[in-house]
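Single-structure report; data block below.
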Amino acid sequence: MIDRLQIEKLSELSTGSEGVIVKIKGHGAFRKRITEMGFVKGKLVKVIKNAPLKDPVEYEVMGYNVSLRRSEANLLEVIPIEYAGKFNNRSFLGTIDNEKVKGTIREKSQTINVAYVGNPNSGKTTLFNYASGSKERVGNYSGVTIEAKEAKFKQKGYTFLISDLPGTYSITEYTPEELYVRKHIFDNKPDVVVNVIDSTNLERNLFLTTQLIDMNIKVVIALNMYDELLKRDNKLDYEALGKMLGIPIVPTVAAKGKGINTLLEKIIDVYEDRDPVVRHIHINYGEDIEHAIRRIQEQIKKTPAVTDQFSSRYLAIKLLENDIASRNRLNNSSNKEEIIETAEKYIHRLEKEYNEKSETIIADAKYGFIAGALKETLTSGVTQRRKKSQQIDKYLTHKIFGFPIFIFFMWLMFQSTFTLGGYPM
12 MIDRLQIEKL
22 SELSTGSEGV
32 IVKIKGHGAF
42 RKRITEMGFV
52 KGKLVKVIKN
62 APLKDPVEYE
72 VMGYNVSLRR
82 SEANLLEVIP
92 IEYAGKFNNR
102 SFLGTIDNEK
112 VKGTIREKSQ
122 TINVAYVGNP
132 NSGKTTLFNY
142 ASGSKERVGN
152 YSGVTIEAKE
162 AKFKQKGYTF
172 LISDLPGTYS
182 ITEYTPEELY
192 VRKHIFDNKP
202 DVVVNVIDST
212 NLERNLFLTT
222 QLIDMNIKVV
232 IALNMYDELL
242 KRDNKLDYEA
252 LGKMLGIPIV
262 PTVAAKGKGI
272 NTLLEKIIDV
282 YEDRDPVVRH
292 IHINYGEDIE
302 HAIRRIQEQI
312 KKTPAVTDQF
322 SSRYLAIKLL
332 ENDIASRNRL
342 NNSSNKEEII
352 ETAEKYIHRL
362 EKEYNEKSET
372 IIADAKYGFI
382 AGALKETLTS
392 GVTQRRKKSQ
402 QIDKYLTHKI
412 FGFPIFIFFM
422 WLMFQSTFTL
432 GGYPM
């Protein structure tokens, strides 16, 4: 068994040291690029030399020498060879042949860090308790889920490390809970985020989902309290909604423990990149906002150390919302002033054009996207009852059939009156 303390960041290995890659973190585009360079789970990597200023660092992987910035190497987790076990048999491509070492790598690579995120009272903590066997208090009160609760358990050969984060309506900078959740996602970089949604209040809960989409991270939606949605005669095509969002959706009833195993299986599929529903979409904010986002992105992309860790699109959107915490994440950017200047220019343009605060304009666009998605996938019980009523009215008010139906009911009423009235006699 591997102790978590034996897992190191690639950037922490000294010159001449070797390690086996077990996990690649960071933004989706970064993971794709680094994988194409040969940094793949299970491959042996050796530190060749550090630059005089310790940046960049030269590594040997799969028979080639590749240089990475220290900030990039910081996003790769490795098992140092001395912990992985002694072995003599290595292929020239850096593939590990020793079975003991393979088992070590497999164990770590099958450890999934999961963060539960959702609105207050969405059943998030109940879901966490059922999945992990914990007994955390449930409810949106002072002192409840103010900090992350953690649990560790095994399921289907995988080790789950789950964090139950504070309930929050969004990931902005208005409350300590919101800042805590966002900081956890950015700093801890969970492998999968489970977005727990209250099925009875989809529009409000999906607002948080749109922010997770902008972050370009791996997400699974737990459609909680699904039984309540059905009791109201609502029908949701959650598979179609999932395809629209690019996020797989699993119906759950946390209070009864229903759907928990399916949810865990879905987390594994998403972690292993084998779920067909997963794809990164861009929420269309309209021509004016999209133009502003592109211009700010152009400036952000000039600082790879930032885009390796965060989605440039997400940062551009947050800067348009005047988000102070996102501005602070640019402190190490060489062109921070240019980025901020570009953002402020387009904030001024948008607010002048729409006569609204920029964050309100973007929030309205998000709700417009949500409304459109639900219009295509959700049929409410009220709507179904209205349709039945309209069908009945169509016949009762028909210019040909309406009058005979009226006469029939009048006859039935009088007939019933005289018939029932005759019984007392």
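In short: position in the sequence shown from 1, add 11, done, that's my numbering. The beta carbon of each residue, even a glycine, is placed where N, CA and C say it ideally should be. This one's a predicted model, so the numbers in the text were calculated from it and none came from an experiment.
In the structure shown, Gly27 adopts coil according to DSSP, grouped into three states. Counting only the Cα atoms, Thr137 lies some 34 Å from Lys20. In this structure, the CA atom of Leu361 is about 16 Å from the CA atom of Asp334. Taking all protein chains shown into account, Thr263 has 16 or more neighbouring C-beta atoms within 10 Å of its C-beta and is therefore buried. In terms of Cβ geometry, Val231 and Val192 do not form a close pair [threshold 8 Å]. By the beta-carbon neighbour count (other beta carbons within 10 angstroms, threshold 16), Arg285 is exposed. For Ile90, no alpha helix (DSSP H) encloses it; the enclosing beta strand (DSSP E) starts and ends at Leu87 to Pro91.
In this structure, the straight-line span from the alpha carbon of Tyr296 to that of Ile45 is close to 30 Å. Taking the CA atoms as reference points, Arg306 sits about 13 Å from Tyr325.
Per DSSP, the unbroken beta strand (DSSP E) holding Tyr70 starts and ends at Val68 to Val72. Under a 10 Å Cβ-count criterion, Ser133 is classified as buried, with 16 or more other Cβ atoms of the shown protein chains found around its own Cβ.
If you check the CB distance, Val33 and Phe50 do not come in under 8 Å. Nearest to Phe321 by C-alpha distance, out of Ser22, Val31 and Ala40, is Ala40.
Pairing Val58 with Ser28 gives a Cβ-Cβ distance under 8 Å. Remark: C-beta atoms of Ser174 and Glu161 approach each other more closely than 8 Å. Assignment of alpha helix (DSSP H) within the region 306 to 349, counting only whole runs of 4 or more residues, yields 315 to 318, 323 to 331 and 335 to 339 in chain order. Taking the Cα of Asn61 as reference, the smallest distance to any Cα among Lys410, Thr26 and Ser369 is reached at Thr26. About 7 Å separates the beta carbon of Leu24 from that of Pro91, a gap short enough to meet the 8 Å contact definition. When the beta-carbon positions are compared, Ala142 and His195 stay at least 8 Å from each other. Here the alpha carbons of Leu252 and Leu385 stand approximately 8 Å from one another.
C-alpha of Ile358 to C-alpha of Thr314: approximately 22 Å in a straight line. Around the beta carbon of Glu214, fewer than 16 other beta carbons sit within 10 angstroms, so the residue counts as exposed. Taken through DSSP and simplified to helix, strand or coil, Ser174 comes out as strand. Considering only Ile260, Ile304 and Leu241, the residue with the shortest C-alpha distance to Glu250 is Ile260. The closest CA to that of Glu83, considering only Lys65, Tyr75 and Ile304, is found on Lys65. Taking 8 Å as the cut-off, the beta carbon of Ile373 is found closer than this to the beta carbon of Glu332.
Straight-line measurement puts the Cα of Tyr75 at about 46 Å from the Cα of Gly178. Around the C-beta of Ala382, fewer than 16 other C-beta atoms lie within 10 Å, and the residue is accordingly described as exposed. Per DSSP, Phe50 lies in no beta strand (DSSP E) segment and is marked neither H nor E. Just measuring C-alpha positions, the residue of Gly30, Gln17 and Thr183 sitting nearest Thr371 is Thr183.
The DSSP assignment places 230 to 235 as complete runs of the beta strand (DSSP E) inside the region 212 to 258, in order along the chain (cut-off: 3 residues). Around the beta-carbon of Phe380, 16 or more other beta-carbon atoms lie within 10 Å, marking it buried.
Leu423 is classed as exposed because its beta carbon has fewer than 16 other beta carbons within 10 Å across all chains shown.
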